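Here the structure comes first, spelled out in structure tokens, and everything after it is commentary.
Protein chains: 2
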Amino acid sequence: MRTDIAILGFGVVGAGTAKVLDMNAKEIALRTGTEIYVKRILDLRDFPDSPYADRVTHDADEVFGDKDIKIAVETIGGAKIAYEYTKRALSSGITVVTSNKELVSTHGVELLKLAKENGCQYLFEAAVGGGIPIIRPLYRCLAANKVVRIAGIVNGTTNYILTQMKVAGISFEEALAQAQKNGFAEANPAADIDGIDAQRKLSILSTIALDGTYVAPSTINAQGISEITTDDIKFASDIDCELKLIALFENREGSKPAAYVAPTYVSRESLIASVEGVFNAIMVEGNALGESLYYGQGAGAVPTASAVCGDILEAAAGNVMPDSRLWEDKGDAIASFDNVKASIVVRAPELPVTAFAEYDVEYLSGAVIVKSIAHKDIEPLVSGIPGAKWMHYLK
Amino acid sequence: MRTDIAILGFGVVGAGTAKVLDMNAKEIALRTGTEIYVKRILDLRDFPDSPYADRVTHDADEVFGDKDIKIAVETIGGAKIAYEYTKRALSSGITVVTSNKELVSTHGVELLKLAKENGCQYLFEAAVGGGIPIIRPLYRCLAANKVVRIAGIVNGTTNYILTQMKVAGISFEEALAQAQKNGFAEANPAADIDGIDAQRKLSILSTIALDGTYVAPSTINAQGISEITTDDIKFASDIDCELKLIALFENREGSKPAAYVAPTYVSRESLIASVEGVFNAIMVEGNALGESLYYGQGAGAVPTASAVCGDILEAAAGNVMPDSRLWEDKGDAIASFDNVKASIVVRAPELPVTAFAEYDVEYLSGAVIVKSIAHKDIEPLVSGIPGAKWMHYLK
């Protein structure tokens, strides 16, 4: 048997997908009982030196009008052309597999519905955590759990920068320049360093954790790392922590769900504190499973292609996601950031005990952990203490 | 819709399964579109105080003769009664879900075949890593990868003992007694401390990594931790390692696959070095994905039940594992332990440079890492060095 697929956008991940399908063709055929054949590659460019040169087309009709093509891999990125092509594919009954977190987080509600209406699927294991299996474990393996917390390092660029700042003792600007030189940050790094990429991924994870109640990226407060100083990094060691950009989702009994992205002091007792460089790690707490962690390469052509191919093979094997996987925009999925209670660390030359009288606190050398404080109450508290600075805290 | 199930053996995991199904009944019904109803519980005992008292039966015919029962949860353990009941259930077309690593690793070939012949399934996500999703990610998410290495801490009892030996500076015997007192080791701890439990789990993982070429537990060399001394533990710190009981599978280009269980100095650069207490962690390296890690609670009633329930829900939703999942006993799946090359650490009061002339080595303070040496060559090498002791090494 043969399953014909198309790749839309033959960039890093698109070409990586063709490479993985080719390098493990024997195993894939054995496991799925079908050969996966890349019939068409849709791109604006030509690739005369590629072994796939003869399959490249610039004409979308050749892809979407081809009844043999059952699966389209959307690795264009962004939410413009990718959006149009994804709608066209799904409307034609072609299952779409993607690594495009921007598109999934922005238009997932509509695209999942469109897939359902046309008897096909919209799959995006690769959109969060690159190659790390996380979407399918959440849907399948944790199906008997209520997800009470997700805490993830979901952006490799910022984790690389924070690791370099620590290891080499350099400033944010120097570390960013180094990341750009080494290919770990883009020329325009805003989406990564401002936490936008993490915000999109958290939107997807939170929506799944809430059984499809859509958490729009725009409703997730995101703070990036561009204002992190070498002092902030050094201080982490003083309190036995590592400074990480954490995407946090919480859904505790008695509170409205919360989701935000923030630089966070993570206690070294937690395994995610040890995650360095471009690696990603996502801690998921289920009410039955307890804490579990998924770790691996969060980006890169071949690792991300590994996740894309996992989805392709599921679709080729005819394994269908349940209807409960549809998303619904109810408009008010998470609590307002101001009202969300967080754990924070406050440091200052002098920390007056009286300032914290009404809070449950833990004193460290030169710092105080305030265990639960609403975001709106943080500035009033901290502004009253000369030279004080605060940051989120995660145990 | 309602799906009727039976639980065979109402012990820790069996009762935990009923508990998880009950506590998350609303979510489960929403996600799978079916209510999971525990119709029968088969056990020798009665449970008059249990809310399930009226469903308990001692008569196997009441379970296997009941056409309504589609899924049986086998949480009896062992490979005797559990084996008979599993065969009976599968022969009746009833899907069996289990946490029984002994049975899966011993009779998996036959039981998977029997399931296939009778149009049902034999599912065992909970048999390895307790609640940690590992079996399904291996089958599904890494479907486009060739698995080149698995390195796992798969036994919580031994990891707890090793952690206690380190933290409290106590002997193996003291740590074992403490583990027994705290319920983390059984009265007869042999299966855990001798590496038999890890051997069974590694048999399952290796067989899956080899696409169903069965690796019998008896062919896996297993060394336990009962001879580990406090000196061995202390020495780990000297070389920036942690001592862990590691279940290792390797399948590199040009070598026959290898699988063995051994106490191992794990470099602190590796995330699994940080895994403490009863937690489990499994590092899987795929040829596309690179390294990935799965971490969580490897035992315990409710975490293990979380994995059991994941399988129940998959079966209830009608998601079927592919035929490639069948196992086949070809009799010669892995290399003879003597011929397998390993990395080891040799320590001795004096380490003569000449002894290692023919090996690729790295000198540490008071120790040498021999990067690749066949097991059969280790004793001849080490016995020539006065006071020398060796251990496996993992970077």
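So the sequence lines, in the order shown, correspond to chains A and B. The C-terminal residue of the first sequence carries number 381 in this note's numbering, and the numbering is unbroken. The C-terminal residue of the second sequence carries number 381 in this note's numbering, and the numbering is unbroken. Even glycine gets a Cβ: it sits at the ideal position worked out from N, Cα and C. All values reported here derive from a predicted model rather than from experimental measurement.
Going by DSSP, what residue range makes up the alpha helix (DSSP H) through B/Ala113?
Numbered from its first residue, the second sequence carries residue 113 of chain B at position 127. Where B/Ala113 is concerned, there is no enclosing alpha helix (DSSP H), given that its DSSP letter is neither H nor E.
Can you tell me whether B/Asp178 is buried or exposed? The criterion is at least 16 other CB atoms within 10 Å of its CB, across all chains shown.
Here residue 178 of chain B corresponds to residue number 192 of the second sequence, with the count starting at 1. Label assigned to B/Asp178: buried.
Between which residues of its own chain and A/His93 is the CB-CB distance below 7 Å, once the five residues before and five after are set aside?
Here residue 93 of chain A refers to the residue found at position 107 when the first sequence is read from its first residue. Hits under 7 Å: Ala65, Tyr69.
If we define contact as Cβ-Cβ less than 9 Å, is B/Ala267 a contact residue for chain A? As a working mapping, residue 267 of chain B is identified with position 281 in the second sequence. Yes, its Cβ sits closer than 9 Å to a Cβ of chain A.
Length-filtered (4 minimum) alpha helix (DSSP H) runs lying within the stretch 99 to 165 of chain B: Listed in chain order, they are 142 to 154.
Can you tell me whether A/Arg31 is buried or exposed? The criterion is at least 16 other CB atoms within 10 Å of its CB, across all chains shown. Translated into the one-based positions of the first sequence, residue 31 of chain A becomes position 45. It counts as exposed.
Nearest-angstrom Cα distance between B/Ser322 and B/Leu234?
By one-based count along the second sequence, residue 322 of chain B stands at place 336. By one-based count along the second sequence, residue 234 of chain B stands at place 248. Rounded to the nearest angstrom, the gap between the Cα atoms of B/Ser322 and B/Leu234 is 14 Å.
**OP:** Please compile the residues from chain B whose C-beta is within a distance smaller than 9 Å of the C-beta of A/Asp197.
**Re:** The residue you call residue 197 of chain A lines up with position 211 of the first sequence. Going along chain B in sequence order, the residues near A/Asp197 (Cβ under 9 Å) are Glu13, Leu16, Arg17.
| What residues in its chain sit with their C-beta under 6 Å from that of B/Ile225, if we drop five residues either side in the sequence? | Locating residue 225 of chain B in the second sequence gives position 239, counting from the first residue. If we look at B/Ile225 and ignore the five residues flanking it on each side, its Cβ neighbours are Leu350, Ala353.
* For B/Ala184, which residues from the same chain have a beta carbon less than 7 Å from its beta carbon, with the 5 sequence-adjacent residues on both sides left out? -> The residue given as residue 184 of chain B occupies position 198 in the second sequence. Result list for B/Ala184: Val140, Asn141, Ala208, Leu231, Ala233, Val247, in chain order.
Per DSSP, which one or two residues make a beta bridge with A/Gly181?
In the first sequence, the residue the question calls residue 181 of chain A occupies position 195. For A/Gly181, which the question treats as bridged, DSSP gives no partner whatsoever.
Rounded straight-line distance, which links the Cα of B/Glu365 to that of B/Val(-1)
Within the second sequence, the letter at position 13 stands for residue -1 of chain B. Within the second sequence, the letter at position 379 stands for residue 365 of chain B. Near 43 Å, if we compare the C-alpha coordinates of B/Glu365 and B/Val(-1).
(Q) Just to confirm the assignment, what range does the alpha helix (DSSP H) spanning B/Leu367 have? (A) Walking along the second sequence from the start, residue 367 of chain B turns up at place 381. Start and end: 361 to 369.
*Length at least 4, wholly inside the stretch 183 to 236 of chain B: the alpha helix (DSSP H) runs in chain order*: If we require 4 residues or more, the alpha helix (DSSP H) runs fully inside the stretch 183 to 236 of chain B come out as 216 to 224.
(message) For a test of the three-state rule: what should DSSP assign to A/Phe50, helix, strand or coil?
(response) Here residue 50 of chain A is taken as the residue at index 64 of the first sequence, counted from 1. Reduced to three states, the DSSP call for A/Phe50 is helix.
Close-in-space but distant-in-sequence residues of the same chain around A/Tyr62 (CB under 6 Å, 5 per side omitted) = By 1-based counting over the first sequence, the position of residue 62 of chain A is 76. The sequence shown places Ile at residue 62 of chain A, rather than the Tyr named in the question. Non-local beta-carbon contacts of A/Ile62 in its own chain, meaning distances under 6 Å to residues more than five positions away in sequence, involve Leu(-6), Gly(-5), Ala68 in chain order.
Original post:
Where does B/Ala68 fall in DSSP's three states?
Top reply: As a working mapping, residue 68 of chain B is identified with position 82 in the second sequence. Helix at B/Ala68.
If you run the structure through DSSP and keep just helix, strand and coil, what is A/Leu(-6)? Counting from 1 along the first sequence, the entry for residue -6 of chain A is found at position 8. The three-state reading of DSSP puts A/Leu(-6) in strand, counting E and B together.
Taking Cβ to Cβ, would you say B/Ile190 is nearer than 9 Å to B/Phe110?
Taking the second sequence and counting its residues from 1, the one referred to as residue 190 of chain B is at position 204. Taking the second sequence and counting its residues from 1, the one referred to as residue 110 of chain B is at position 124. Contact annotation: B/Ile190 and B/Phe110 have beta-carbon atoms nearer than 9 Å.
Check your understanding: Under a three-way DSSP split, which group does A/Ile62 fall into?
Key -> Reading the first sequence from its first residue, position 76 is the one you call residue 62 of chain A. It is coil, neither helix nor strand.
query = Going by DSSP, which residues form a beta bridge with B/Glu21?
reply = As a position in the second sequence, residue 21 of chain B is number 35, starting the count at 1. Beta bridge pairing from DSSP links B/Glu21 with B/Arg(-12).
For A/Met307 and A/Ile118, what's the separation of their Cα atoms in angstroms?
The count along the first sequence starts at 1 and reaches residue 307 of chain A at position 321. The count along the first sequence starts at 1 and reaches residue 118 of chain A at position 132. One alpha carbon belongs to A/Met307, the other to A/Ile118, and they sit about 19 Å apart.
Where B/Val288 and A/Gln166 are concerned, what is the direct C-alpha to C-alpha distance, given to the nearest angstrom? Working through the second sequence from its first residue, we reach residue 288 of chain B at position 302. Working through the first sequence from its first residue, we reach residue 166 of chain A at position 180. If you take the alpha carbons of B/Val288 and A/Gln166, they lie about 46 Å apart.
Could you tell me if A/Asp218 is buried or exposed, where buried requires 16 or more neighbouring beta carbons within 10 angstroms of its beta carbon?
Locating residue 218 of chain A in the first sequence gives position 232, where the first residue counts as 1. So A/Asp218 ends up on the buried side.
- With a 10 Å radius around its C-beta and 16 neighbouring C-beta atoms as the bar for buried, classify B/Asn174 as buried or exposed. As a working note, residue 174 of chain B is residue 188 in the second sequence. Counting every other CB atom within 10 Å of its CB across the protein chains shown gives B/Asn174 a total below 16, marking it as exposed.
Could you name the residues of chain A that B/Arg122 contacts, counting a contact when the two beta carbons are closer than 8 Å?
Against the second sequence, residue 122 of chain B aligns to sequence position 136. Contact note: B/Arg122 reaches chain A through Arg122, Pro123, Arg126, Cys127, using a C-beta cutoff of 8 Å and chain order.
Can you give me the Cβ contacts of A/Thr20 inside the same chain, cut-off strictly under 7 Å, excluding the 5 residues immediately before and after it? On the first sequence, residue 20 of chain A is found 34 positions in, with the first residue counted as 1. Met(-13), Arg(-12), Thr(-11), Ala302, listed in sequence order.
Could you please tell me which residues of the stretch 83 to 116 of chain A, in chain order, have their CB closer than 8 Å to any CB of chain B?
-> Residues Glu111.
Kindly list the residues whose CB is nearer than 6 Å to the CB of B/Glu228, restricted to its own chain and excluding five residues on each side of it in sequence; keep chain order. In the second sequence, residue 228 of chain B corresponds to position 242, counting from 1. Shown here for B/Glu228: same chain residues with a beta carbon closer than 6 Å to its own, the five before and five after excluded, namely Ala222, Val252, Ala259 in chain order.
Which word fits B/Glu60, buried or exposed, when buried means at least 16 other C-beta atoms lie within 10 angstroms of its C-beta?
Counting from 1 along the second sequence, the entry for residue 60 of chain B is found at position 74. Buried: at least 16 other Cβ atoms inside 10 Å.
**Request:** Grab me the residues of B/Pro335's own chain with a C-beta within less than 8 Å of its C-beta, minus the 5 sequence neighbours each way, in chain order.
**Result:** As a working note, residue 335 of chain B is residue 349 in the second sequence. If we look at B/Pro335 and ignore the five residues flanking it on each side, its Cβ neighbours are Pro372, Gly373.
Taking the DSSP output, what are the residues bridged to A/Glu271? Counted from its first residue, the first sequence places residue 271 of chain A at position 285. Bridge partners of A/Glu271: A/Arg135, A/Glu277.
| Who are the neighbours of A/Cys295 on chain B, taking C-beta pairs under 9 Å? | Within the first sequence, residue 295 of chain A is the residue found at index 309, counting from 1. Here the neighbours are Ala129, Ala130, Asn131, Ala274.
**Request:** Under 7 Å between beta-carbons, which chain A residues line up against B/Ile118? List them in chain order, please.
**Result:** Working through the second sequence from its first residue, we reach residue 118 of chain B at position 132. Neighbours of B/Ile118 on chain A, chain order: Ser278.
B/Ala343 classed as buried or exposed, judged by whether at least 16 other C-beta atoms fall within 10 angstroms
The residue given as residue 343 of chain B occupies position 357 in the second sequence. Burial state of B/Ala343 is exposed, judged by a 10 Å Cβ sphere holding fewer than 16 other Cβ atoms.
- For A/Glu300 and chain B, any beta-carbon pair shorter than 9 Å? On the first sequence, residue 300 of chain A is found 314 positions in, with the first residue counted as 1. Closer than 9 Å to some Cβ of chain B, the Cβ of A/Glu300 qualifies, so yes.
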